[in-house]
Every structure is written in C-alpha cells, then in structure tokens.
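Residue numbers (this note's numbering): 827 to 1251.
Where a beta carbon is used, it is the ideal one built from N, C-alpha and C, also for glycine.
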C-alpha cells in the first residue's frame, strides 16, 4: 500500500467575524492579547467573541488520510470550508485546532493573486516557483519552453505579472504548477477564469497527471462530471464539517441528491385551503422522474412527467392548462399548453411529459396556468415545482459548462464524404 502523504487530524479553523484585519497588525495583536488577558485564552475561542462580534467555525474536526498517487475531489456549496482547508494544507494559514501533516513538494493554484511576485516578470516568476518546489536552474530550463507554450503568453513573458489579466495569470500559474511536477498538486476552482479552450487544456493535463499514479492531486470544483471523471476519491464539506468521504461516484451522487431534495410534490387535501380562486383550485402538482436502472438522481437523461389535479368550479367551460419552465436566472425555457376542451364542474387531471436528453443541467422551477376560452387567464400558480437537473457525460474529455438553455439530443449526420454518413440518434 502506498504511503500517506497528507494526513488531517481534528483540523478546525475559527474566524472572529468583524475584527480580523480591521486595523494594523500591531492593533490586531494588541486586541488579541487584551482578550486573552481579560478572559483567558480558552474563553477567547468560544462560539461567540466578546462584544457583538460572532465567531465562525470555518472548519470543524476534519479528519482524512490521502495516499501517494491518489486523486481527490473536494465538493460542497460556497462557504463550506473547501478553500480554507486547502489554505491550511498549503500552510498559507494555520488551523485553530488540530494538525495537518504533509510529505513532499506542493504545487498549488488556489486563487488569482497568490504565489507570484507582482513586480517580477512571468519569466522570473517561473524560476522562483521552481526554486520553491526544490528544483535547480537546470531542471527548470528543461521544462521552461513547455511551460511557456502551454500558457500561451509568450509575448508577455518579460512583462511584470501585475499587468496581467486574471486569465493570463491563471494560464501561467497553472502551467507552472502542472509542469514543474510537484509531489502534490492542489487546484481550487480558478480555471473558470480562463476561456473554454484553456479550461479543456487544463482538464486534459490534469487527466494526464492523474493517470501516471505518481502525483497526488486535490481538486476543488463545482463541475461534478469533472470530479466524477478525474477523481478516484472525494469528500463533501458542508458548513465546515465533513459530511461523507469515499469513492468519487458515491460522494458526487450523495451531494447531487442533497441538492435535489427540492419541492417535487405539492398537495392539498382540503380544497378550501388549496391555492386558487372562485373558478378553480389547485389540488396537487407533482413531478415524477422516470429513473434509469441504478439511477437515483435527476440528470439530463431522465424523462420527467408533470402531473396535476385541479378542482374546476365552472360548468361547461372551455379550459386548457399551460406549464412555464424557468431557470433561476428568470429566463423562460419553454411555455407549453394543452389542447382546450369543454370541462364540466369537478376534478380535472393534467399531465405533460418532458423527454430525457432535452434539459441542460441546472436549477429550474415550473409554474402552472389555467386558461379559459384559450385567452383568459383563470389562475396562475407560480413556482409549483422546483427541481435540479444534474449533468451526465460519456465519451468526452470536456467537462466544462455545456452551453445553451437546453441540451437536446438531435439526430446528427457525421462521416467521411466517400461513404454514406452514419446517423446517431
């Protein structure tokens, strides 16, 4: 079994909100010492500081062992503690409690603005980064041309990096971190700064590094397909605590499943309490996923059925229903309507099917509208269903965000001109 290269034991990090960094270093130290003197150091690290400033545990009792050659993904919502954990591992900040032990050289790309000296040129920063990773000048020279070519910033190589755009900075920083071959490579979600082609280039490089079995990689990303595809193991952080760790597939599925615990069903047993008016009441609205074998979460392949039941209080009315699907940016993805029919007073059921391989990944909500005489709105039930669609990909090495509001799987002709092209459906 390979040796442990990163070990975290009871790692916790406490921030005192509203006080750190509000003055000079001398003022911060004086404030800290004053608090220790008045109340003792133990009471300083309580859940709430003195005065009105609350304390926040950014991390709480994190434990894990990472072995040489393993590729780990770290997932979680914004503010979960992912970046704080990486900064502790790379010794940028110290934990409040616990310890992280590491073995080997570390190359990290955590956030734009860290790692390079802004007054020095790109060329000089490549050499400095190499020295910090324990490489001599000859070793850096051997990889220098490859680093520069990968970054694509040849014409700006002798320009101070403080004049670089964020995209140029990330290009060079990633190239240095990947090509100088540290024992441990740590990547935060900074590749989103680069353009689409460079993101793909970086993911391909990470895939290459992951295959060699020598380098240990920690990868933080909100792109679940990339985590699932590139990583062997993963951990899920939530509000500073470890929810679960295990295989990448297991952890990603549980994380996506937690996000999908949305409002898929609304039901009212008492018509008088149901949403509506004197003309119509909404008794139930539900979304029914048709999961594939072994599937537990809604993804882009999953066919969906929206079913609803209304209490119609108008006799002989010409009614039809419509569904409006919105993303969380407020954009209407589609507006679909049923055929208008004559409805007697009583219960009326409606059903609409959304095929798989149609929606793009993302968060959505559906509103239901009942219309009379094909043009007169009777009742509009906004946000009846809320749901999340996860990504799914195969036979591709690209794991960036797929463009477009929808993601249909149309018949596509593609083949050599000398022979009849194949049709993929």
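In the assembly as shown, residue 1232 is an exposed residue. Its beta-carbon has fewer than 16 other beta-carbons within 10 Å.
Residue state for residue 947 is assigned as strand, using DSSP reduced to three classes.
Annotation: the continuous alpha helix (DSSP H) that includes residue 969 extends over 963-977.
By the criterion of a C-beta distance shorter than 6 Å, residue 1116 is surrounded in its chain by 1129, once the five residues flanking it on both sides are discounted. In the DSSP annotation of this structure, the continuous segment of the beta strand (DSSP E) that includes residue 840 starts and ends at 830-842.
In the three-state reduction of the DSSP assignment, residue 1079 falls in the helix class, which pools H, G and I. Per DSSP, the unbroken beta strand (DSSP E) holding residue 882 starts and ends at 881-893. Beta-bridge pairing by DSSP links residue 1138 to 1106, 1172.
About 4 Å separates the beta carbons of residue 836 and residue 924, which is inside the 8 Å limit, making them a contact pair. With the rule of 3 Cβ pairs closer than 8 Å, the region 1125-1142 counts as touching the region 1095-1114.
Relative to the Cα of residue 1181, the nearest Cα in the group 1206, 1126, 1216, 1212 belongs to 1126. Counted as a single uninterrupted DSSP element, the beta strand (DSSP E) harbouring residue 1206 occupies residues 1202-1215. Between the region 1228-1242 and the region 1068-1079 there are fewer than three C-beta pairs closer than 8 Å, too few to call the two in contact. When rounded, the separation of the alpha-carbon atoms in residue 1036 and residue 1030 is 10 Å. In the structure shown, residue 1238 adopts extended strand secondary structure according to DSSP, grouped into three states. In this structure the region 966-982 does not touch the region 887-904; the number of beta carbon pairs closer than 8 Å is below three.
Looking at the backbone, the Cα of residue 1235 and that of residue 1184 are separated by about 7 Å. Counting the other CB atoms within 10 Å of its CB gives residue 1175 a total below 16, which places it among the exposed residues. The C-alpha of residue 1134 is placed about 24 Å away from the C-alpha of residue 1186. Rounded to the nearest whole angstrom, the C-alpha separation of residue 988 and residue 841 is 30 Å. Inter-segment contact for the region 1220-1231 and the region 1193-1201 is absent: fewer than three beta-carbon pairs are separated by less than 8 Å. DSSP, reduced to helix, strand and coil, places residue 907 outside both helices and strands of the structure shown, so it counts as coil. Under the DSSP definition of a beta bridge, residue 927 partners with 833. The continuous alpha helix (DSSP H) containing residue 1052 extends over residues 1050-1056. A direct Cα-Cα distance of roughly 46 Å separates residue 996 from residue 1207. For residue 1037, the secondary structure class from DSSP, reduced to helix, strand or coil, is helix. Rounded to the nearest whole angstrom, the C-alpha separation of residue 1179 and residue 1119 is 19 Å. Bounds of the alpha helix (DSSP H) holding residue 1002 are 992-1005. Contact between residue 1006 and residue 956 is confirmed by a C-beta separation of about 5 Å, below the 8 Å threshold. Residue pairing by DSSP places residue 1191 opposite 1152, 1212 in a beta bridge.
Taken through DSSP and simplified to helix, strand or coil, residue 1179 comes out as strand. Spatial neighbours of residue 1009 in its own chain (CB-CB distance under 6 Å, excluding positions within 5 residues in sequence) are listed in chain order as 930, 931. DSSP places residue 1030 within a helical segment (H, G or I) once states are collapsed to three. Inter-residue distance for residue 911 and residue 1153 is about 32 Å (C-alpha atoms, whole angstroms).
In the DSSP secondary-structure assignment, residue 1125 is bridged to 1216. Within a 10 Å sphere around the beta-carbon of residue 1057 sit 16 or more other beta-carbons, which makes this residue buried.
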